[in-house]
Structure formats: structure tokens, C-alpha cells
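Student: No gaps in the numbering here: position 101 of the sequence shown is 133 in the numbering used here, and each next residue is one more. For glycine and all other residues, C-beta sits at the position ideal for the given N, C-alpha and C. Keep in mind the model is a prediction, meaning the values are calculated, not measured.
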Amino acid sequence: MTVTLLSRPTGFHQVPAQDGIAGLLADAQDSVIAMSTLTPSGPAFGPRDVRPGIRYRAIYPDTARTAPTLCRHLGAMSLAGVAVRTVPLVPMNALIIDNSIAVLPADTANGSVAVLRLHSVVTTATELFERVWPDAVPLADCDIPVGTDLSLREQEMLRLLALGATDEFAAAQLGISVRTVRRMVAQIMNRLGARSRFQAGVKAADRGWLLDRAS
């Protein structure tokens with residue numbers, strides 16, 4: 033696996049991918065942003081690459097929130113100081129360093145990536161990231177789940193809300209406060225990457241959470 037360093041259309045050379053990306057991240061002076069599908073073929077950075085004084089932002093797919101291994105990775109990134117957000121579909125794999133270097137997939141077959149210092153490429157990738165970022169759902173440290181399953185109380189609460197129960201009725205049925213109900217709903221929405229209660233219900237049903245409780 034290699035990194036292709038390209039500074040002009042007619043010249044490039046290759047170095048080992050891991051060393052190449054690590055070196056670029058180590059030389060970052062201001063910012064690092066990433067869009068990642070969390071697949072091996074895409075350029076990315078990890079918690080160990082995070083250094084103080086640099087602003088890090090990363091966008092991942094919503095599905096990573098409920099996959100144990102990927103969710104732990106997102107949690108580690110967040111705890112390391114990365115602003116993590118998720119979207120239903122990540123448009124591309126890209127790593128942009130200091131608004132001057134774009135690392136993009138070069139060959140998905142062998143995991144090679146291209147390091148481009150071309151202004152047009154860097155600008156296009158950055159603008160795409162900035163368009164996606166405002167609508168992406170932030171991941172809070174306290175919302176990182178330990179596993180993929182809901183607790184019995186969370187399942188029962190979702191069942192009640194899916195039946196049209198108010199927060200007050202759900203709170204009375206579960207023996208908790210209305211504030212706790214709303215906090216739990218907000219956490220589940222964040223966990224699922226949902227932007228509304230309705231979307232959270234749809235996503236929970238898709239994962240079989242509501243069906244599991246009903247059965």
C-alpha cells in the first residue's frame with residue numbers, strides 16, 4: 033500500500049501509506065478535517081494522531097453509532113478532542129490538512145491514497161465538508177453507548193412513545209420524571225443519529241428494537 037504525493041499534474045512519487053499520512057498529520061499546524069466511511073480504503077486519522085493546538089473535525093456515517101467497534105472508535109476520537117458528527121451517508125472519503133493538503137483514495141483495490149496540494153482539489157473537498165457539517169449530528173461523550181442494545185426501560189419508553197403516549201404519560205408509566213424521559217429520548221436520538229423523534233422511531237424499528245420488545 034502506498035501514498036502518491038502529487039504537487040503538480042505531471043509529477044508524483046510514492047511512499048508507504050501509513051508513514052506518509054502520519055507524517056502529514058504530525059506536520060499539521062492549524063486544522064485537520066475528515067470525511068470517512070470507516071472502510072479500509074479511505075484515508076483517516078486516529079486518536080493517537082490528535083495533538084494539542086490543532087482543531088480536529090470528523091464526519092462519519094450514522095451506522096457507526098450502533099456498531100460496537102466503530103462506536104468505540106468514535107468515542108475514542110471524541111475523548112481525544114475531535115469534534116465528531118455523523119450523517120446518514122458520507123459523500124466521500126477525504127482528509128484535509130491545514131486547508132492546503134487533500135488526502136483522497138487513489139486505488140480502493142489496494143488501499144492506496146493520493147496526497148494532493150492542488151488548490152482546486154483542496155478547495156472542492158473542503159467546501160463539500162463544510163456543506164455537510166452543519167446538518168451532521170454531533171456526538172457527545174456522554175452519549176457513547178457501551179453496546180448496541182437498549183435497556184428494558186429504554187425499549188418500554190420507545191414502545192410507549194411509538195403508541196403516541198405523551199412524555200408525561202410515559203414518565204408516569206415508567207416511574208420516572210418527565211425530564212428524565214426527555215433526556216433519554218435525546219440520548220437515543222443522538223445514538224441513532226436521528227434528527228427528530230419520528231426518525232428515531234423509524235431507525236429503532238429498522239434495527240428491530242421495537243419488535244424485540246413487542247415479542
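Here's the rule I'm using: 16 or more other beta-carbon atoms within 10 Å means buried, otherwise exposed. How should A76 be labelled?
Tutor: If you number the sequence shown from 1, residue 76 lands on position 44. A76 counts as buried, since no fewer than 16 other beta carbons sit within 10 angstroms of its beta carbon.
Student: Report all residues from its chain with a CB closer than 7 Å to the CB of K235; omit the five preceding and five following residues, and keep chain order.
Tutor: As a first step, residue 235 is located in the sequence shown; it is residue number 203 there, counting from the start. Closer than 7 Å at Cβ, skipping near neighbours: L224 and A226.
Student: Under three-state DSSP, which class holds P137?
Tutor: Here the question's residue 137 lines up with position 105 in the sequence shown. The answer is strand: DSSP assigns P137 an E or B state.
Student: Between the beta-carbon of A60 and the beta-carbon of I129, is there less than 8 Å?
Tutor: The residue you call residue 60 lines up with position 28 of the sequence shown. The residue you call residue 129 lines up with position 97 of the sequence shown. For A60 and I129, yes; Cβs fall inside 8 Å.
Student: In whole angstroms, give me the CA-to-CA distance for R229 and D199.
Tutor: Within the sequence shown, the letter at position 197 stands for residue 229. Within the sequence shown, the letter at position 167 stands for residue 199. So the alpha carbons of these two residues sit roughly 12 Å apart.
Student: What is the rounded straight-line gap between the Cα of A157 and the Cα of V116?
Tutor: To locate residue 157, count along the sequence shown from 1; it is residue 125. To locate residue 116, count along the sequence shown from 1; it is residue 84. Distance between the alpha carbons of A157 and V116: 18 Å.
Student: Which of the three DSSP states is assigned to I65 in this structure?
Tutor: Counting from one through the sequence shown, the residue named residue 65 turns up at place 33. Strand.
Student: Using only the alpha-carbon positions, how far apart do T69 and D94 sit?
Tutor: What you label residue 69 is simply residue 37 of the sequence shown in a count that begins at 1. What you label residue 94 is simply residue 62 of the sequence shown in a count that begins at 1. Going from the Cα of T69 to the Cα of D94 covers about 10 Å.
Student: Identify, in the order they occur along the chain, each residue of the same chain with its Cβ nearer than 7 Å to the Cβ of A232, setting aside the five sequence neighbours on each side.
Tutor: The residue given as residue 232 occupies position 200 in the sequence shown. Excluding positions up to five away in sequence, the list reads I220, M221, L224 and A226.
Student: Just the Cα atoms here: how many angstroms apart are D238 and E188?
Tutor: Counted from its first residue, the sequence shown places residue 238 at position 206. Counted from its first residue, the sequence shown places residue 188 at position 156. Their backbone Cα atoms lie some 16 Å apart in a straight line.
Student: Which value, in whole angstroms, describes the spacing of the CA atoms of D62 and I86?
Tutor: Position 30 of the sequence shown, counted from the first residue, corresponds to residue 62. Position 54 of the sequence shown, counted from the first residue, corresponds to residue 86. Rounded to the nearest angstrom, the two C-alpha atoms are 5 Å apart.
Student: In terms of alpha-carbon separation, which member of R97, G207 and R104 lies closest to P79?
Tutor: The residue given as residue 79 occupies position 47 in the sequence shown. Residue R104 is the option with its Cα nearest to P79.
Student: Between A203 and the rest of its own chain, which residues show a CB-CB distance below 8 Å, the 5 nearest in sequence each way excluded?
Tutor: On the sequence shown, position 171 is the one that residue 203 refers to. Answer for A203: S209, V210, T212 and V213, listed in chain order.
Student: Need the endpoints of the beta strand (DSSP E) that L127 sits in, please.
Tutor: Within the sequence shown, residue 127 is the residue found at index 95, counting from 1. L127 -> beta strand (DSSP E) spans A126 to I129.
Student: Going along the chain, which residues of its own chain have a beta-carbon closer than 8 Å to the beta-carbon of V154, five neighbours each way excluded?
Tutor: As a first step, residue 154 is located in the sequence shown; it is residue number 122 there, counting from the start. The residues are I128, N131, S132, I133, A134 and L148.
Student: Any idea what DSSP makes of A90, helix, strand or coil?
Tutor: Translated into positions along the sequence shown, residue 90 becomes position 58. Note: A90 maps to strand in three-state DSSP.
Student: Quick check on D81: buried or exposed, where buried means 16 or more other Cβ atoms within 10 Å of its Cβ?
Tutor: Walking along the sequence shown from the start, residue 81 turns up at place 49. That one is buried.
Student: Quick one: is the Cβ of R104 within less than 7 Å of any heavy atom of the ligand FAD?
Tutor: Only the bare structure without any ligand can be found here, which leaves the ligand FAD out of the picture.
Student: Could you give the first and the last residue of the continuous beta strand (DSSP E) run that contains R117?
Tutor: In the sequence shown, residue 117 corresponds to position 85, counting from 1. Element bounds for R117: A115 to V119.
Student: Does DSSP put P170 in a helix, a strand or coil?
Tutor: Numbered from 1 along the sequence shown, position 138 holds the residue referred to as residue 170. P170 falls in the strand class under three-state DSSP.
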